[in-house]
Each structure stands twice: as C-alpha cells, then as structure tokens.
Amino acid sequence: MNFIYPLSRYIKITQVYWSGHLGVDFGWNDGAYCNQPIVAIEDGTVVGCADGYGNTYPNKRIYGNYVNISHGNGWYSMYGHLLKGITVQKGQTVRKGQVIGYMGNTGYSNGQHLHFELRKGANAKANSIDPLNYLFVEDRTIFVNPSSKEYDRIRYRDTSPVQPVERNTAVDQIEVGLAFLNCRNKPSLKGERLGFLAEGFYNVSEITEAEGYTWYRIGLDRWCAQVDKVTFLKGSASKTYKVLFPYVSVGDRDKLIDLAQEAQLRIIVEEN
Ligand SMILES: [Zn+2]
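In this text, residue positions in the sequence shown follow our numbering: the first is 2, and each later residue adds one.
Spelled out as structure tokens, the structure:
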C-alpha cells in the first residue's frame, strides 16, 4: 500500500506511536494550522463515523468526531478529534486525498490536533501499528515542520537513496529487514545521512570495517552499517575478480565497482 499523509499540506507530529498511544498526533495547538483539511490516506469506504460532538475533555469520549475508513486487504484508518461537520457519511466511497473533515479539538482532547491510527488485520484499536512506517509524502512541496518529532522519518520515508533489487544468489547482497536503516555517503557515522533504506535486498559491492561497524557499499557513495536485521548473503558466482588499487583514480575505482555490481560480478577489492 502507498498511503499518503492524512493532512494535505502541513505535517507536525506532536505525539508518536508507542504502547501507551496507539496512533500519531499531528499539529497540536499550532494556531496557524488549526482546522486544516484532513484527507483519506487511500481509496476506501467509510465504515464508521460520528459527528456533532464538542470537546469532552477530561471526560472520555475518546475520538470525538471521527471518520473510520476501510481500505481493503485488512487495512483501516481512523481520524479522531475532527471539527463538527465531517464531510463524509458511513457507507460512502472515498478517494485517496479526498477531504473527509477538518482538524478539531473534539472528544478527549486538549488542543487542536488530529489523532490518526492505522490498523492492520482487524478494525480494532488493538490492531493499530505505527503509521509512520507506512505513510509517504506524495507531494514534494508539502511543508514538513523541521521541529517535528520524527522529522527525518517523514522527510525520507519516500526517498530511499538506493532502491532495493531482486534477490540474486550469484552476487553478494544484504537483506535489510528493518524500516529505518540509515544510508550514508561514506562508511562512517560522520558521513552525510542520505535517508532511510526501504526493506529488501541490495547488491553489495564493497565491505569495510570502520568505527566498530561492518559497512556495506550498496551504490556509488551509498553505504550502510551492519545492524540487527541486516543479513549478509554471500554470492555464489564462480568467477571472482580481484581488483587491485590504486592503479586507477578513486573516481574510476568507484565507477568500476558499480559497473561490476551492475554486471553481477563478484569482485574483491584490494588496496595495493
Ligand atoms: Zn492521539
């Protein structure tokens, strides 16, 4: 699924997902962005909604005015604390990006914000998962407030610096099994962080040790460190090419490594 953020033009996360808060809060008390439109994260059908409630804090009517959408395949989204006057009805089909209501402060809420939940498997709060692992910033002009918690996760989620490839047993690969593995421009924690890698397989063209980590080179100036849930898969290609340096310039060396990687050759780099 390729869910978009539930807000059309402003993202500020004020509370993240954790065991005591099974959703993400957006935009709390941010005056300039009060009452902004809330949009459906994906095509779907409205399976539940409530309207006409005011603020009930501190008494619990948890969600206040809300919209609950089924997106198929067991995915559900929940949008809480909306302003009175939601713009959809139960049973209605909605399109991705369609306005379903406006940010409010209704129900058990003490400030303007959207409480958003993403549910997987069943339409129950207990089935809520961390939405930030699944939401994409579709419109690159969208304004992400730099003071947002999780700013990097929002900003980089849709810009994996290297795209995963098919599993190929002939070449050295890593399998990345976590959502937020940093990709850097050099094998160092001091290297510039270019974004997060999507989960999947990546061809490895060079391996090096630095700063207590094993680093994998997965593209031209693209490196990631060995951490939990990163699995190195040694290639089975019979031909291994040993490349001696420094008989070529660093730039040529890098290009050569990437060419070899594209050609699916196993190469060993030796400094000379
Ligand atoms: Zn919340």
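By construction, the Cβ of each residue, glycine as well, lies at the ideal position given by its N, Cα and C atoms.
Counting C-beta atoms within 10 angstroms of its own C-beta, residue 210 has fewer than 16 neighbours from the protein chains shown and is therefore classed as exposed. For ligand 1, the residues with a Cβ under 6 Å from any of its heavy atoms are, in chain order, 16, 22, 24, 26, 116. Within the DSSP secondary-structure output, residue 121 pairs in a beta bridge with 76.
In the three-state reduction of the DSSP assignment, residue 127 falls in the helix class, which pools H, G and I. If you draw a straight line from the Cα of residue 215 to the Cα of residue 235, it is about 14 Å long. In the DSSP assignment, residue 45 falls within the beta strand (DSSP E) that extends over 45-51. The segment 47-54 and the segment 12-31 do not touch, with fewer than 3 CB-CB distances between them shorter than 8 Å.
Only buried fits residue 107, as 16 or more other CB atoms lie within 10 angstroms of its CB.
Using a Cβ distance threshold of 9 Å, residue 70 and residue 54 do not count as a contacting pair. Residue state for residue 253 is assigned as helix, using DSSP reduced to three classes. Of all alpha-carbon atoms in 93, 202, 5, 191, the one lying nearest the alpha-carbon of residue 41 is that of 5. Residue environment: residue 174 is assigned as buried (16 or more neighbouring CB atoms within 10 Å of its CB, all protein chains considered). In this structure, residue 129 places its C-beta atom within 9 Å of the C-beta atom of residue 23. Residue environment: residue 163 is assigned as buried (16 or more neighbouring CB atoms within 10 Å of its CB, all protein chains considered). The shortest C-alpha to C-alpha distance from residue 185 to any of 197, 205, 177, 252 is the one to 197.
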